Amino acid sequence: MPAMPLILITNDDGINSPGLLAAVRAVRGLGDVLVVAPTRQWSGAGRSFARETTGAIAPRPLEVDGEPIPAFAVDGSPAQVVLHALLELAPRPPDLMVVGINYGENPGADVTCSGTIGAALQGASCGVPALAVSRQAPKEVHINLSDKVDFTVAAHFTRFFARRMLAVALPFDVDVLKVDVPDCATPETPWRLTRQSRRTYFRPVPPRRNALSQPGRMDYEAAWDVRDLEPDSDIYALVVDRVVAVTPLSLDLTSRADPAEVARLLQSD
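In this note's numbering, the protein residues as written are 119 to 387.
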């Protein structure tokens, strides 16, 4: 008999995240599940390969509704964790990788900062279709994970899109499917195919300190001007129309400008 699809689940919030557990519950029954996640919180890590990590891997007991799930914690960034999962832990190439469910939304030009998207892109670069799911949440729980965040609706959409991605092959150049779920969404909330906005969603906030020599961590806040938002963008769908924003992402970051025009400008005296 053919093997069941293998679904790799990871995140950037760490192995103990309730959002990770919600993702596991969401895809149960769709295939064999393997959980490999960072030992700690890595929000904002992007697709970084941190030199201070050790790569040490430890099995973690995980049981969901009475069913044991193979799970491992890795001392590494989200992108590094994906490589350890694919090269050392997965018994066969995964048919799908689910990243999340993330505490906090990931729309707009900030996506390359996201550890969630970084992990998804790393999996996609290794040939694994990736689904990255984020739930809109207050800033205070982005890093300080809270049991009070309800992932029920985000899990509903995680299962919906995971099932579709296992059933059909998405077109070439759709390497990651990014899903952002509003905090007010219900299972009946419509979803819309969007494009990644060129606008930033999170505005950087400088550290508060009396001298530059003092330690100071850059902060951020959600801030946007509705007048600047593209109506077909992920930010607009999420914060204006309050629908689930589904954005196909590509590994190809090449500009869409006319190559002949770029070459002409570069060659001009």
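Virtual Cβ for every residue (Gly too), placed ideally from N, Cα, C. Please read all numbers here as calculations on a predicted model, not as lab measurements.
{"Asked": "Pairwise C-alpha distance: residue 318 and residue 150", "Found": "37 Å"}
{"Asked": "Three-pair Cβ contact test at 8 Å for the segment 177 to 193 versus the segment 212 to 232", "Found": "no"}
{"Asked": "Residue 184 (DSSP reduced to helix, strand or coil)", "Found": "coil"}
{"Asked": "For residue 175: DSSP bridge partner residues", "Found": "192"}
{"Asked": "Element boundaries [alpha helix (DSSP H), containing residue 379]", "Found": "377 to 385"}
{"Asked": "Opposing strand residues paired with residue 363 [DSSP bridges]", "Found": "298, 310"}
{"Asked": "8 Å Cβ cutoff met for residue 242 and residue 298", "Found": "no"}
{"Asked": "The segment 182 to 193 / the segment 215 to 225 touching (three or more Cβ pairs under 8 Å)", "Found": "no"}
{"Asked": "CB-CB length for residue 310 against residue 363, believed under 8 Å", "Found": "6 Å"}
{"Asked": "Helix, strand or coil at residue 287 according to DSSP, with G and I counted as helix", "Found": "coil"}
{"Asked": "Through-space distance from residue 290 to residue 370, alpha-carbon basis", "Found": "11 Å"}
{"Asked": "Reduced DSSP category for residue 340 - H, G, I as helix; E, B as strand; rest coil", "Found": "strand"}
{"Asked": "Inside the segment 216 to 261 only - alpha helix (DSSP H) runs reaching at least 4 residues", "Found": "233 to 243, 258 to 261"}
{"Asked": "Residue 259 beta carbon less than 8 Å from that of residue 275", "Found": "no"}
{"Asked": "Short Cβ contact (8 Å threshold) for residue 340 with residue 312", "Found": "no"}
{"Asked": "Limits of the unbroken beta strand (DSSP E) element including residue 155", "Found": "150 to 156"}
{"Asked": "Residue 211 (DSSP reduced to helix, strand or coil)", "Found": "coil"}
{"Asked": "Beta carbon of residue 193 nearer than 8 Å to that of residue 173", "Found": "yes"}
{"Asked": "Residue 353 in three-state terms, based on DSSP", "Found": "helix"}
{"Asked": "Where the alpha helix (DSSP H) through residue 143 begins and ends", "Found": "136 to 145"}
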